[in-house]
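Going by the numbering used here, the residue at position 79 of the sequence shown is 98; the numbering climbs one at a time, nothing skipped.
Beta carbons are placed, not taken as given, at the ideal position from N, Cα and C, and that holds for glycine.
Since the structure comes first, as C-alpha coordinates, the remarks are kept for the end.
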Amino acid sequence: MPEVTTNSAETDATASEATRKRPKPGERRVQILQALATMLEQPGAERVTTAALAAKLEVSEAALYRHFASKAQMFEGLIEFVEQTVFGLVNQITERETQPGARISKIITMLLQFGEKNPGMARVMVGDALVFENERLQQRMNQLFDKLETHFKQALREAADTAGSATPSADAQARASTLTAFCMGRLQRFARSGFKRMPTEHLEASLAVLL
(Lines of atoms letter the chains of each structure in order from A and count residues from 1; the text may use other names and numbers.)
(Lines give C-alpha, C1' and ligand atoms only; values in the text may rest on other atoms or scores of the structure.)
Protein backbone atom coordinates (compact mmCIF):
# COMPACT_ATOMS: atom_id res chain seq x y z
CA MET A 1 0.00 0.00 0.00
CA PRO A 2 1.50 3.34 -1.01
CA GLU A 3 2.31 5.71 1.80
CA VAL A 4 -0.06 8.68 2.13
CA THR A 5 1.84 11.96 2.29
CA THR A 6 0.61 15.47 3.01
CA ASN A 7 1.85 18.76 1.75
CA SER A 8 3.21 20.48 4.85
CA ALA A 9 2.84 23.91 3.23
CA GLU A 10 -0.87 23.29 2.59
CA THR A 11 -1.36 22.00 6.12
CA ASP A 12 0.35 25.05 7.59
CA ALA A 13 -1.72 27.37 5.41
CA THR A 14 -4.97 25.67 6.44
CA ALA A 15 -4.05 25.83 10.12
CA SER A 16 -3.06 29.46 9.77
CA GLU A 17 -6.38 30.30 8.10
CA ALA A 18 -8.32 28.54 10.85
CA THR A 19 -6.37 30.47 13.44
CA ARG A 20 -7.18 33.78 11.76
CA LYS A 21 -10.88 32.98 11.64
CA ARG A 22 -11.08 31.97 15.27
CA PRO A 23 -12.56 34.93 17.25
CA LYS A 24 -10.28 36.59 19.75
CA PRO A 25 -11.28 36.50 23.44
CA GLY A 26 -14.34 38.70 23.88
CA GLU A 27 -14.80 39.15 20.13
CA ARG A 28 -17.57 36.56 19.92
CA ARG A 29 -19.50 38.33 22.69
CA VAL A 30 -19.36 41.55 20.68
CA GLN A 31 -20.51 39.73 17.56
CA ILE A 32 -23.48 38.27 19.43
CA LEU A 33 -24.52 41.67 20.76
CA GLN A 34 -24.10 43.29 17.35
CA ALA A 35 -26.26 40.59 15.76
CA LEU A 36 -28.94 41.02 18.43
CA ALA A 37 -29.00 44.79 17.93
CA THR A 38 -29.23 44.32 14.15
CA MET A 39 -32.18 41.94 14.50
CA LEU A 40 -33.95 44.50 16.70
CA GLU A 41 -33.57 47.08 13.93
CA GLN A 42 -36.09 45.28 11.74
CA PRO A 43 -39.37 47.27 11.78
CA GLY A 44 -42.11 45.26 13.43
CA ALA A 45 -39.65 42.62 14.58
CA GLU A 46 -41.17 40.12 16.96
CA ARG A 47 -39.46 38.66 19.98
CA VAL A 48 -35.90 37.65 19.13
CA THR A 49 -35.25 34.03 20.04
CA THR A 50 -31.87 32.49 20.77
CA ALA A 51 -32.56 30.03 17.94
CA ALA A 52 -32.98 32.89 15.44
CA LEU A 53 -29.93 34.68 16.83
CA ALA A 54 -27.82 31.52 16.55
CA ALA A 55 -29.03 30.99 12.98
CA LYS A 56 -28.05 34.55 12.04
CA LEU A 57 -24.56 33.97 13.41
CA GLU A 58 -24.41 30.47 11.91
CA VAL A 59 -23.56 28.91 15.26
CA SER A 60 -25.39 26.61 17.66
CA GLU A 61 -27.46 27.89 20.57
CA ALA A 62 -24.96 26.13 22.84
CA ALA A 63 -22.27 28.37 21.38
CA LEU A 64 -24.24 31.44 22.48
CA TYR A 65 -24.51 30.13 26.01
CA ARG A 66 -20.76 29.69 26.22
CA HIS A 67 -20.56 33.48 26.22
CA PHE A 68 -23.82 34.46 27.94
CA ALA A 69 -25.57 32.50 30.69
CA SER A 70 -28.98 33.60 29.39
CA LYS A 71 -30.68 35.81 26.83
CA ALA A 72 -31.29 38.29 29.65
CA GLN A 73 -27.51 38.67 29.94
CA MET A 74 -27.35 39.48 26.23
CA PHE A 75 -29.88 42.28 26.69
CA GLU A 76 -27.95 43.46 29.74
CA GLY A 77 -24.92 43.73 27.46
CA LEU A 78 -26.88 46.05 25.16
CA ILE A 79 -28.18 48.10 28.08
CA GLU A 80 -24.65 48.44 29.46
CA PHE A 81 -23.50 49.75 26.08
CA VAL A 82 -26.31 52.32 26.09
CA GLU A 83 -25.49 53.40 29.65
CA GLN A 84 -21.76 53.76 29.04
CA THR A 85 -22.22 55.63 25.78
CA VAL A 86 -24.96 57.99 26.92
CA PHE A 87 -23.52 58.91 30.30
CA GLY A 88 -20.00 59.17 28.93
CA LEU A 89 -21.31 61.85 26.57
CA VAL A 90 -23.48 63.45 29.27
CA ASN A 91 -20.38 63.88 31.44
CA GLN A 92 -18.46 65.46 28.55
CA ILE A 93 -21.29 67.90 27.86
CA THR A 94 -21.63 68.76 31.55
CA GLU A 95 -17.91 69.52 31.83
CA ARG A 96 -17.83 71.72 28.74
CA GLU A 97 -21.16 73.57 28.88
CA THR A 98 -21.66 75.99 31.77
CA GLN A 99 -25.02 77.41 30.67
CA PRO A 100 -27.88 75.22 32.06
CA GLY A 101 -30.20 75.68 29.09
CA ALA A 102 -27.54 74.92 26.50
CA ARG A 103 -26.36 71.93 28.55
CA ILE A 104 -29.84 70.41 28.63
CA SER A 105 -30.37 71.10 24.94
CA LYS A 106 -27.15 69.34 24.01
CA ILE A 107 -27.90 66.34 26.24
CA ILE A 108 -31.36 65.88 24.71
CA THR A 109 -29.99 66.29 21.19
CA MET A 110 -27.25 63.73 21.89
CA LEU A 111 -29.71 61.22 23.35
CA LEU A 112 -32.16 61.45 20.45
CA GLN A 113 -29.39 61.34 17.86
CA PHE A 114 -28.02 58.21 19.55
CA GLY A 115 -31.42 56.53 19.29
CA GLU A 116 -31.82 57.66 15.68
CA LYS A 117 -28.46 56.19 14.67
CA ASN A 118 -29.06 52.97 16.63
CA PRO A 119 -32.68 51.88 16.00
CA GLY A 120 -32.22 48.54 17.75
CA MET A 121 -30.95 50.30 20.85
CA ALA A 122 -33.88 52.73 20.69
CA ARG A 123 -36.26 49.77 20.98
CA VAL A 124 -34.36 48.61 24.05
CA MET A 125 -34.37 52.10 25.57
CA VAL A 126 -38.15 52.49 25.39
CA GLY A 127 -38.80 48.89 26.43
CA ASP A 128 -40.40 47.62 23.22
CA ALA A 129 -37.72 44.95 22.89
CA LEU A 130 -38.00 43.99 26.57
CA VAL A 131 -41.73 43.26 26.78
CA PHE A 132 -41.30 39.47 26.97
CA GLU A 133 -37.98 39.52 28.78
CA ASN A 134 -36.96 39.56 32.44
CA GLU A 135 -38.58 42.41 34.39
CA ARG A 136 -35.26 43.54 35.83
CA LEU A 137 -34.14 44.60 32.35
CA GLN A 138 -36.93 47.16 32.10
CA GLN A 139 -36.20 48.36 35.62
CA ARG A 140 -32.55 48.91 34.71
CA MET A 141 -33.54 50.79 31.56
CA ASN A 142 -35.91 52.96 33.60
CA GLN A 143 -32.98 53.91 35.80
CA LEU A 144 -31.22 55.47 32.81
CA PHE A 145 -34.08 57.93 32.32
CA ASP A 146 -34.27 58.55 36.08
CA LYS A 147 -30.60 59.55 36.02
CA LEU A 148 -31.16 61.79 33.02
CA GLU A 149 -34.06 63.46 34.83
CA THR A 150 -31.73 64.11 37.77
CA HIS A 151 -29.23 65.79 35.41
CA PHE A 152 -32.02 67.96 34.00
CA LYS A 153 -33.26 68.85 37.47
CA GLN A 154 -29.80 69.96 38.62
CA ALA A 155 -29.31 72.18 35.59
CA LEU A 156 -32.82 73.63 35.86
CA ARG A 157 -32.34 74.30 39.55
CA GLU A 158 -29.29 76.40 38.68
CA ALA A 159 -31.33 78.33 36.11
CA ALA A 160 -34.24 78.82 38.53
CA ASP A 161 -31.91 80.13 41.23
CA THR A 162 -30.34 82.56 38.77
CA ALA A 163 -33.79 83.75 37.68
CA GLY A 164 -34.78 84.35 41.32
CA SER A 165 -37.57 81.74 41.46
CA ALA A 166 -39.38 81.52 44.80
CA THR A 167 -39.70 77.74 44.37
CA PRO A 168 -36.61 76.66 42.40
CA SER A 169 -36.74 72.98 43.40
CA ALA A 170 -40.41 72.53 42.51
CA ASP A 171 -39.99 74.40 39.23
CA ALA A 172 -36.94 72.35 38.32
CA GLN A 173 -38.62 69.04 39.16
CA ALA A 174 -41.70 69.79 37.05
CA ARG A 175 -39.70 70.88 34.02
CA ALA A 176 -37.19 68.01 34.34
CA SER A 177 -40.07 65.53 34.35
CA THR A 178 -41.54 67.13 31.23
CA LEU A 179 -38.21 67.04 29.39
CA THR A 180 -37.65 63.39 30.29
CA ALA A 181 -41.13 62.48 29.07
CA PHE A 182 -40.39 64.34 25.83
CA CYS A 183 -37.24 62.26 25.25
CA MET A 184 -38.99 58.99 25.97
CA GLY A 185 -41.93 59.94 23.79
CA ARG A 186 -39.75 60.84 20.82
CA LEU A 187 -37.84 57.55 21.05
CA GLN A 188 -41.02 55.53 21.49
CA ARG A 189 -42.68 57.18 18.47
CA PHE A 190 -39.55 56.39 16.46
CA ALA A 191 -39.68 52.71 17.41
CA ARG A 192 -43.43 52.29 16.94
CA SER A 193 -43.51 54.08 13.59
CA GLY A 194 -41.19 51.45 12.17
CA PHE A 195 -38.32 53.95 12.47
CA LYS A 196 -40.03 56.39 10.08
CA ARG A 197 -40.64 59.30 12.49
CA MET A 198 -37.21 60.57 13.39
CA PRO A 199 -36.60 61.48 17.06
CA THR A 200 -34.83 64.67 15.99
CA GLU A 201 -37.73 65.85 13.81
CA HIS A 202 -38.21 69.64 14.33
CA LEU A 203 -36.03 69.25 17.42
CA GLU A 204 -34.66 72.79 17.52
CA ALA A 205 -38.16 74.30 17.44
CA SER A 206 -39.41 71.84 20.05
CA LEU A 207 -36.56 72.62 22.43
CA ALA A 208 -37.17 76.33 21.98
CA VAL A 209 -40.70 75.78 23.30
CA LEU A 210 -39.65 73.48 26.15
CA LEU A 211 -36.65 75.49 27.31
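query: Separation of residue 142 from residue 69, as counted between CA atoms; result: 18 angstroms
query: Residue 119 vs residue 174 beta-carbon contact at 8 angstroms; result: yes
query: Exposure of residue 125, with buried meaning 16 or more beta-carbon neighbours within 10 Å; result: buried
query: Beta-carbon gap between residue 164 and residue 203 smaller than 8 angstroms; result: yes
query: Reduced DSSP secondary structure (H/G/I, E/B, other) of residue 182; result: coil
query: Contained alpha helix (DSSP H) runs [length at least 4] in the region 41-119, N- to C-terminal order; result: 46-59, 69-76, 80-84, 90-115
query: Nonlocal neighbours in the same chain, by C-beta distance under 6 angstroms from residue 206, ignoring five residues either side; result: 134, 141, 144, 145, 218
query: Three-way DSSP call (helix, strand, coil) for residue 164 in this model; result: helix
query: Neighbour-count burial assignment, residue 214, 16 or more Cβ in a 10 Å radius; result: buried
query: Residue 218 (DSSP reduced to helix, strand or coil); result: coil
query: With 16 other Cβ atoms within 10 Å as the buried cut-off, status of residue 186; result: exposed
query: Burial state of residue 25, where buried means 16 or more other Cβ atoms lie within 10 Å; result: Summary for residue 25: the model assigns pLDDT 43, below 50, so the residue's position carries little reliability, and this model does not support an answer.
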